[in-house]
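**Student:**
Numbering (the UniProt record's numbering), first residue to last: 1 to 77.
This is how it looks when you write it as structure tokens:
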């Protein structure tokens, strides 16, 4: 996985690129680091569900995202 941050007109954008098997690429771009963290968590949870995994512990170093999840509130990034 490759990741880069760019800043233009005072706005920081987070870009990342996944390389899948057989050289396929999947690119992503988000408006904020928080949104990127949330999208990554949603993707990981979806993958775990699709693979039938249960009893999994999920960890994150994004305290802001954890606080939002624990508070059970919506957030617009």
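We put the beta carbon where it would ideally sit given N, CA and C, even for glycine. These numbers were taken from a predicted model, which means no experiment stands behind them.
Can you tell me whether residue 36 is helix, strand or coil according to DSSP?
**Tutor:** helix
**Student:** Where residue 61 and residue 54 are concerned, what is the direct C-alpha to C-alpha distance, given to the nearest angstrom?
**Tutor:** Their backbone Cα atoms lie some 22 Å apart in a straight line.
**Student:** Out of curiosity, what's the CA-to-CA distance linking residue 1 and residue 69?
**Tutor:** At residue 1 the pLDDT is 49, less than 50, meaning the model places this residue with poor confidence; the figure from the coordinates comes in the next sentence. About 25 Å.
**Student:** How would you write the range of the alpha helix (DSSP H) that residue 67 sits in, first residue to last?
**Tutor:** 63-71
**Student:** Could you give the distance in angstroms between the alpha-carbon of residue 56 and the alpha-carbon of residue 71?
**Tutor:** 21 Å
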